[in-house]
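The sequence shown maps to residues 13 to 361 in the numbering used here. Glycine included, every Cβ here is placed at the ideal spot set by N, Cα and C.
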Amino acid sequence: MKWLAQLHQDWMTARKRRVTASAQPFRRDWEQLLEDAGIRSAEDQQTALREAQQLAKFQLIPRKRNPRFIDKIVVPLESEAWLHEQFGTQSGAASQEQALNAVRAWSAKTHPLMPESWSELCQRYESKHLESQQSFLERALETLFGRETPLEAVGIQTSNSTLHYCGPLVLHFADHSKPLDLRYESTLSVAELEQTTQITTTAQRLLTVENRKTTFLQLAHADTQRSTLIVTTSFPTQAVKLLLQKLPPSLPHYHFGDTDPSGWDIMRKLRELAPHPVLPIHMSWRPSAQATPLTQRDLQIIARLLADPSMADCHPVLQAMQNSGTKGDFEQESLGRPSFPEWPFYENT
């Protein structure tokens with residue numbers, strides 16, 4: 013049911029940061045919900061209404077002046093657990109408790125070389141301290157994993173999540189719109205994205221790019237026709253998630269990332285989050301005599317991706333890498349600077 017999926021998405025956006033029990037039921041304009049879900053014909057709207065009535069999990073409030081039509085749909089507090097169950101999500105409180113259990117488990121362990129420092133570190137790392145050290149920690153994670161790795165990639169969500177993008181955007185708020193079309197890299201905070209009711213663009217397509225420090229900047233300069241909304245993302249952060257949820261689902265979405273196992277896993281995560289298809293571009297497996305051998309972790313990721321039906325179109329590339337035993341020439345930067353000053357930027361690869 014498309015309307016139910018849209019309702020869940022809107023409800024999660026409103027509730028996601030709450031770690032205490034909600035005091036008020038969630039309310040949504042019924043007609044706007046159907047519009048956002050792409051349900052526009054009278055027949056489909058009647059079907060959606062019957063489905064909502066039959067579920068009996070929600071309250072449908074009729075218009076005061078014309079009770080034949082529905083004004084609002086309400087998610088009662090007692091129906092929130094059911095809605096989580098339908099979509100495999102969990103409340104902010106449950107997510108917080110899961111994270112705290114992981115912290116408690118690691119805090120209880122003893123570091124073999126620095127037991128006192130480890131204990132002090134675990135006691136000191138509350139959320140404000142993490143945010144104050146975010147840049148340092150993310151550089152350490154990048155060194156550890158060999159790619160840009162935000163704290164959100166290891167399950168730590170902060171209020172500092174930022175969208176890095178280039179291209180035309182219009183942010184729509186409840187009472188006004190804000191056009192943005194800066195020529196090169198620009199940023200938007202999670203707070204700005206959360207306040208928007210929707211986001212539109214005059215670009216013909218969305219391109220997510222893994223490497224922010226080189227490839228993203230080169231593509232931003234190369235897009236002379238301003239035909240592509242270019243967004244940088246390694247592991248998709250909260251800011252990227254919000255953009256994907258609020259852009260028109262009909263906007264074509266391509267992803268250009270590294271072609272090692274972790275690079276393909278990033279695309280799998282994007283497909284999981286985006287309400288539209290995500291297609292790879294310039295992501296062919298390329299052999300190399302100096303290629304790094306696949307690690308045990310790499311092989312585990314490949315096996316998981318090969319077992320994932322959502323990645324079926326990428327299985328031939330993954331199998332080629334698996335059969336070679338190496339990562340191949342996997343880095344985006346090895347393709348060099350863009351060959352063309354417009355989409356698709358590079359020769360087909």
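DSSP lists 74 as the bridge partner or partners of residue 82. Collapsing the DSSP output to three states places residue 146 in a helix. Under the DSSP definition of a beta bridge, residue 176 partners with 199. Membership of residue 280 in the alpha helix (DSSP H) is indicated by the continuous run 273-285. Cα atoms of residue 155 and residue 314: separation of roughly 22 Å, rounded to the nearest angstrom. Burial is judged here by how many other beta carbons sit within 10 angstroms of a residue's own beta carbon; residue 177 has at least 16 and is buried. Assignment of beta-bridge partners to residue 242 by DSSP yields 178 and 219.
CA-CA distance, residue 213 to residue 23, rounds to 24 Å.
DSSP places residue 321 in the helix class (H, G or I) of the three-state scheme. Annotation for residue 336: the continuous alpha helix (DSSP H) segment containing it runs 327-336. Cβ atoms of residue 243 and residue 285 stay farther apart than 8 Å, at about 13 Å. In terms of Cβ geometry, residue 263 and residue 180 do not form a close pair [threshold 8 Å]. A direct Cα-to-Cα measurement between residue 18 and residue 336 gives close to 42 Å. Around the beta carbon of residue 185, fewer than 16 other beta carbons lie within 10 angstroms, which makes this residue exposed.
At a Cβ-Cβ threshold of 8 Å, residue 306 and residue 338 count as neighbours. Within the same chain, and ignoring the five residues on either side of residue 245 in sequence, the residues whose Cβ sits closer than 6 Å to its Cβ are 220 and 252.
Assignment of residue 39 by DSSP, reduced to helix, strand and coil, places it in the strand class. Beta-bridge annotation (DSSP): residue 212 is paired with 182. When only Cα atoms are considered, residue 302 and residue 277 end up about 23 Å apart.
By the criterion of a C-beta distance shorter than 6 Å, residue 235 is surrounded by no residue of its chain, once the five residues flanking it on both sides are discounted. Residue 305 sits in a strand when the DSSP states are folded into three classes. Ranked by Cα distance from residue 316, the options 281, 39, 187 and 57 are led by 281.
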